[in-house]
Amino acid sequence: MKISVVISTYNGEKYLLPQLNSIKDQTRMPNEVLIFDDHSNDQTVQLINNFIKSNNLTSWKLISNPKNIGWRKNFIEGAWKTTGDLIFTCDQDDIWRKDKLSIMEKIMKENPNINLLASNYQKFFDNGQRKIGPFPNKKELKQIKLRNNYLKVTCPGCTYCIRKKIITLSKKYWQAPYAHDDLFWRLALLDDSLFIYTDYLIYWRKHNDSAYASESRKLKTVEKKYQWINMSIDFNDSIKKYLLEDVKNKTSKKEKILKRNDHWLHLRKKFFETKNILIGIRLLSFIDCYQRLRQYLGDWYLIYVKQK
């Protein structure tokens, strides 16, 4: 099988080299590494060019955007340009275990029913703290089952191995606000082809400078949370269309879950618009749709305490 790795970079000079070295040193070398730089204004591009040249990495290619297009578009368009049978999405600041590609390729070869395979990760922090997640590290292959809170994405994209089928399908359903990993995850989930191998195959760097950390902070305002709810309504509509047009194993359970999420999101939107306490109480009947209980409580905090 041909393996492609797609990397999105932006002003990543601080952490980039350990990530690149961890890909270069894989026991199973990738056939193609495509790096898409989103118009960095630090030394990122020079570092990448020097790394490719000094290590004679003829299968690696750097593409520099003439202007900044944002990490969402940069990542998804990069994935679309890959030519591999299996595609690995890669951040600029993590470290891969040397056997990541070989382990995940073996599982995908043995299980053609899997379209997206994620793995455990080991978070590591600037203070030296480490934590393995999201599942106990038992080195087991588990299917991720569809639940009412299906919008919850348990694993970050940096843990994914994606079959080309999902990448191709994403062209039909991606919209500008959608994160690539959220879309890939949900497409595989609705198709019953989403699995996780519960061994940590990457060291996931957690720091305040990351795009993920920045966006998580921004969501803690009424305006940003309201925008997120509207985006999620659109996302749920995209998944409903996907279920109708491209999922072979349709079931009434899948239809009911998407319909339930539609009701929940519109009611949640109305709660933010009206600040009606009774609507907030009604949302308790949809508590199984929230990713976490604290998100329900967080809505009350934003609406009645923070109020901005």
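FYI, the numbering for the sequence shown is -12 to 295, going by my numbering. Backbone N, C-alpha and C define an ideal beta-carbon position, used for all residues, glycine too.
| said: Starting from LYS48, trace the beta strand (DSSP E) in both directions and tell me its first and last residue. | reply: Walking along the sequence shown from the start, residue 48 turns up at place 61. 47 to 51 is the span of the beta strand (DSSP E), which, as asked, contains LYS48.
| message | Do TRP58 and SER106 have their beta-carbon atoms positioned less than 7 Å apart in this structure? | response | Here residue 106 corresponds to residue number 119 of the sequence shown, with the count starting at 1. Here residue 58 corresponds to residue number 71 of the sequence shown, with the count starting at 1. No; because the gap between Cβ atoms is not below 7 Å, this pair is not in contact.
| If you compare alpha carbons, which of LYS246, LYS257, LEU265 and ASP178 is closest to ALA237? | Position 250 of the sequence shown holds residue 237. Contrary to the premise, residue 237 reads as Lys rather than Ala in this sequence. Looking at the Cα atoms, ASP178 is the closest of the given residues.
| Sub-7 Å separation of LEU3 and GLN109 beta-carbons | In the sequence shown, counting from the first residue as 1, residue 3 sits at position 16. In the sequence shown, counting from the first residue as 1, residue 109 sits at position 122. Their beta carbons are not under 7 Å apart, which means LEU3 does not touch GLN109 by this criterion.
| request: Could you check which residue in ILE10, PHE38 and LEU44 has the C-alpha nearest to that of SER89? | output: As a first step, residue 89 must be located in the sequence shown, where it is residue number 102. Comparing Cα positions, the closest option is ILE10.
| Among residues of its own chain, excluding the 5 on either side of PHE75, which ones have a beta-carbon nearer than 6 Å to its beta-carbon? | Position 88 of the sequence shown, counted from the start, is the residue given in the question as residue 75. Taken in chain order, the residues that qualify are VAL(-8) and CYS148.
| task | Look at the alpha carbon of ASP72 and the alpha carbon of ASN8, and state the distance between them as a whole number of angstroms. | result | As a working mapping, residue 72 is identified with position 85 in the sequence shown. As a working mapping, residue 8 is identified with position 21 in the sequence shown. About 23 Å.
| said: Here's the rule I'm using: 16 or more other beta-carbon atoms within 10 Å means buried, otherwise exposed. How should ASN61 be labelled? | reply: Looking up residue 61 in the sequence shown gives position 74. ASN61 comes out buried.
| With a CB to CB cut of under 7 Å and the five nearest residues on each side skipped, what residues in its chain are close to MET(-12)? | By one-based count along the sequence shown, residue -12 stands at place 1. Around MET(-12): ASP72, LEU73, GLU92 and LYS96.
| request: For the alpha helix (DSSP H) holding SER157, just list the boundary residues, first then last. | output: Position 170 of the sequence shown, counted from the first residue, corresponds to residue 157. Note, SER157: alpha helix (DSSP H), 151 to 160.
| task | Run through the segment 12 to 98 for me and flag every whole beta strand (DSSP E) of 3 or more residues, listed as ranges in chain order. | result | 19 to 24, 47 to 51 and 73 to 77
| task | List the residues that DSSP assigns as beta-bridge partners of GLN130. | result | In the sequence shown, residue 130 corresponds to position 143, counting from 1. PHE182.
| task | Excluding the 5 residues preceding and the 5 following LEU156 in the sequence, name in chain order all residues of the same chain whose CB lies nearer than 7 Å to its CB. | result | For the purposes of this step, residue 156 is identified with residue 169 of the sequence shown, where counting begins at 1. Hits under 7 Å: LEU174 and ASP233.
| Below-7 Å beta-carbon distance, ASN36 vs any chain B residue | In summary, chain B is missing from the structure at hand, where a single protein chain is found.
| query | What are the boundary residues of the alpha helix (DSSP H) that ALA175 is part of? | reply | To locate residue 175, count along the sequence shown from 1; it is residue 188. From DSSP, the alpha helix (DSSP H) with ALA175 extends over 167 to 177.
| PHE111 - DSSP class collapsed to helix/strand/coil | Counting from 1 along the sequence shown, the entry for residue 111 is found at position 124. DSSP places PHE111 in strand when its eight states are reduced to three.
| query | Which first and last residues belong to the beta strand (DSSP E) in which LYS228 is found? | reply | As a working mapping, residue 228 is identified with position 241 in the sequence shown. Run containing LYS228: none in the beta strand (DSSP E); it sits in the alpha helix (DSSP H), 209 to 232.
| task | Taking ILE189 and ASP113 to be in contact with their CB atoms under 8 Å, please state how far apart those CB atoms are, rounded to whole angstroms. | result | Walking along the sequence shown from the start, residue 189 turns up at place 202. Walking along the sequence shown from the start, residue 113 turns up at place 126. About 17 Å separates the CB atoms of ILE189 and ASP113; that is not less than 8 Å, and the two are not in contact.
| Quick one: any contact between the segment 35 to 47 and the segment 61 to 70, if contact means 3 or more CB pairs under 8 Å? | no
| Limits of the alpha helix (DSSP H) - the one that GLY285 falls within | For this step, residue 285 is matched to residue 298 along the sequence shown. Segment 280 to 287, the alpha helix (DSSP H) holding GLY285.
| Nearest neighbour of VAL292, chosen from PHE273, LEU271, ILE274 and LYS262 [CA to CA] | On the sequence shown, residue 292 is found 305 positions in, with the first residue counted as 1. The candidate whose alpha carbon is nearest that of VAL292 is LYS262.
| request: Please go through the same chain and pick out, in chain order, the residues whose beta-carbon is closer than 6 Å to the beta-carbon of TYR213, but skip the five residues on each side of it. | output: As a first step, residue 213 must be located in the sequence shown, where it is residue number 226. Result list for TYR213: PHE259, in chain order.
| request: Determine the DSSP secondary structure at CYS148, reduced to helix, strand or coil. | output: Here residue 148 refers to the residue found at position 161 when the sequence shown is read from its first residue. It is a strand residue.
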